[in-house]
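Student:
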Amino acid sequence: MQDYQHHWKDGTPLHLPLGKIVCIGRNYAEHARELNNPIPDEPLLFIKPATAAVYITRPLAIPRNQGEVHYESELAVLIGRPLTNASESEAKAAILGYGLALDLTLRDLQSQLKEKGHPWERAKSFDGACPLSPFVAAEKFSKDHFTFTLDIDQELRQRGDTRDMLMPILPLIAHISSQFSLMPGDVVLTGTPKGVGPLAEGQTLSLELDDVLFVETKVV
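Mapping of the sequence shown onto the working numbering: residues 141 to 360, in sequence order.
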């Protein structure tokens, strides 16, 4: 049963409903290249349902008998105000907090769907497909860019820097709001850097955001 609830780093609950999780495909050029995908001219948007969200700090259960499940670490942005056709300044004012997420992907299924020209959602939207960290209030960050890392069994696998994004955070959120409204409690996943790969039982995943947030989980 779904029991996920947004909360701050100190454990305080955030009384916001989790609506949709808006994801961005291929927002880092090197990641697009590693999967032999073309670099898009505009953001590729897809949505995970609220039922995909789980606490990243709990043991990570991955689907069985559905092929490889790949990790994709991402910066997560928590929306705190309604946004429709927003400007970049309005987008900035609407950001309540930042966190980390895993965009888990049934890679074999995704490849099959892409070959048929079908949408990706079946490969991206299964229960538990979006482990989310606690959030840190936006005002706690003094820089205008972010770096984040993913280690697996103490080996660095991914390092992201938002300065490498094809579309930066504020233009990205403004663009999304021009396509469909964002609401308080919605989460935007801003894309994954290169280094994605399959998960295996027993692995320990450690994620860090700008020395401000550290979370760890284990694949079971």
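Glycine is no exception: its CB is placed at the ideal position from the N, C-alpha and C atoms.
Because the structure is a prediction, the values reported are computed rather than measured.
1) Given that a residue counts as buried once 16 or more other Cβ atoms are within 10 Å of its Cβ, and exposed if not, what is Lys358?
2) Is Ala193 helix, strand or coil by DSSP?
3) Suppose contacts are defined by Cβ-Cβ distances below 7 Å. Is Tyr168 in contact with Asp304 by that definition?
4) Under 7 Å between the Cβ atoms of Ile179 and Val162?
5) Can you name the start and end residues of the alpha helix (DSSP H) that Lys254 belongs to?
6) Would you decide whether Gly257 is buried or exposed? Buried here means 16 or more other CB atoms lie within 10 Å of its CB.
7) The alpha helix (DSSP H) with Gln319 in it runs from where to where?
8) So what does Met305 bridge to, in DSSP terms?
9) What are the boundary residues of the alpha helix (DSSP H) that Lys232 is part of?
10) In whole angstroms, what is the alpha-carbon distance linking Met307 and Asp350?
11) Are the beta-carbon atoms of Thr330 and Glu214 separated by less than 7 Å?
12) Considering only the beta carbon of each residue, do Ser317 and Ala226 sit closer than 7 Å?
13) Give the straight-line distance between the Cα atoms of Ser346 and Asp293, rounded to the nearest whole angstrom.
14) Alpha carbon to alpha carbon, how far is Gly151 from Phe354?
15) Hey, could you find the ends of the alpha helix (DSSP H) Lys264 is sitting in?
16) Using three-state DSSP, classify Glu341 as helix, strand or coil.
17) Does the separation of the CB atoms of Ala190 and Leu218 fall below 7 Å?
18) I think Arg262 touches Leu242, with their Cβ atoms under 8 Å apart; what is that distance to the nearest whole Å?
19) Give me the Cα-Cα distance between Pro199 and Leu310, rounded to the nearest whole angstrom.
20) How many whole angstroms separate the CB atoms of Ala231 and Leu223, which I take to be in contact at a CB cut-off of 8 Å?
21) Return the CA-CA distance between Ala234 and Met323, expressed in angstroms with no decimal places.
Tutor: With the structure as the only source:
1) On the sequence shown, residue 358 is found 218 positions in, with the first residue counted as 1. Its Cβ having fewer than 16 others within 10 Å, Lys358 is exposed.
2) Along the sequence shown, read from residue 1 onward, the residue named residue 193 stands at position 53. For Ala193, the secondary structure class from DSSP, reduced to helix, strand or coil, is strand.
3) Here residue 168 refers to the residue found at position 28 when the sequence shown is read from its first residue. Here residue 304 refers to the residue found at position 164 when the sequence shown is read from its first residue. Yes.
4) Position 39 of the sequence shown, counting from 1, holds the residue named residue 179. Position 22 of the sequence shown, counting from 1, holds the residue named residue 162. Contact: no.
5) On the sequence shown, residue 254 is found 114 positions in, with the first residue counted as 1. It spans Arg247 to Glu255 - the alpha helix (DSSP H) in which Lys254 sits, taken as one unbroken run.
6) One-based indexing of the sequence shown puts residue 257 at position 117. Taking every protein chain shown into account, the CB of Gly257 has fewer than 16 other CB atoms within 10 angstroms, so this residue is exposed.
7) For the purposes of this step, residue 319 is taken as residue 179 along the sequence shown, with counting starting at 1. Gln319 -> alpha helix (DSSP H) spans Ile309 to Gln319.
8) To locate residue 305, count along the sequence shown from 1; it is residue 165. DSSP, once it has assigned bridges, lists Tyr168 as partnering Met305.
9) One-based indexing of the sequence shown puts residue 232 at position 92. Following the DSSP letters along the chain, one finds Lys232 inside the alpha helix (DSSP H) bounded by residues Glu228 to Ala234.
10) Taking the sequence shown and counting its residues from 1, the one referred to as residue 307 is at position 167. Taking the sequence shown and counting its residues from 1, the one referred to as residue 350 is at position 210. Computed Cα separation, rounded: 20 Å.
11) Counting from one through the sequence shown, the residue named residue 330 turns up at place 190. Counting from one through the sequence shown, the residue named residue 214 turns up at place 74. Yes. Within cutoff.
12) Here residue 317 refers to the residue found at position 177 when the sequence shown is read from its first residue. Here residue 226 refers to the residue found at position 86 when the sequence shown is read from its first residue. Contact: yes.
13) Reading the sequence shown from its first residue, position 206 is the one you call residue 346. Reading the sequence shown from its first residue, position 153 is the one you call residue 293. So the two alpha carbons sit approximately 8 Å from each other.
14) For the purposes of this step, residue 151 is taken as residue 11 along the sequence shown, with counting starting at 1. For the purposes of this step, residue 354 is taken as residue 214 along the sequence shown, with counting starting at 1. Each residue's Cα considered, the two are about 14 Å apart.
15) Residue 264 sits at position 124 when you count from the first residue of the sequence shown. For Lys264, the enclosing alpha helix (DSSP H) covers residues Glu261 to Lys264.
16) Counting from 1 along the sequence shown, the entry for residue 341 is found at position 201. Here Glu341 sits in coil by DSSP.
17) Looking up residue 190 in the sequence shown gives position 50. Looking up residue 218 in the sequence shown gives position 78. Judged by beta-carbon spacing, Leu218 lies beyond the 7 Å limit of Ala190, meaning their Cβ atoms are not closer than that value.
18) Along the sequence shown, read from residue 1 onward, the residue named residue 262 stands at position 122. Along the sequence shown, read from residue 1 onward, the residue named residue 242 stands at position 102. Arg262 to Leu242, Cβ: 18 Å. No contact.
19) The residue given as residue 199 occupies position 59 in the sequence shown. The residue given as residue 310 occupies position 170 in the sequence shown. Going by the C-alpha atoms only, they are around 33 Å apart.
20) In the sequence shown, residue 231 corresponds to position 91, counting from 1. In the sequence shown, residue 223 corresponds to position 83, counting from 1. About 6 Å separates the two Cβ atoms, so the contact holds.
21) As a position in the sequence shown, residue 234 is number 94, starting the count at 1. As a position in the sequence shown, residue 323 is number 183, starting the count at 1. Approximately 9 Å between the Cα atoms of the pair.
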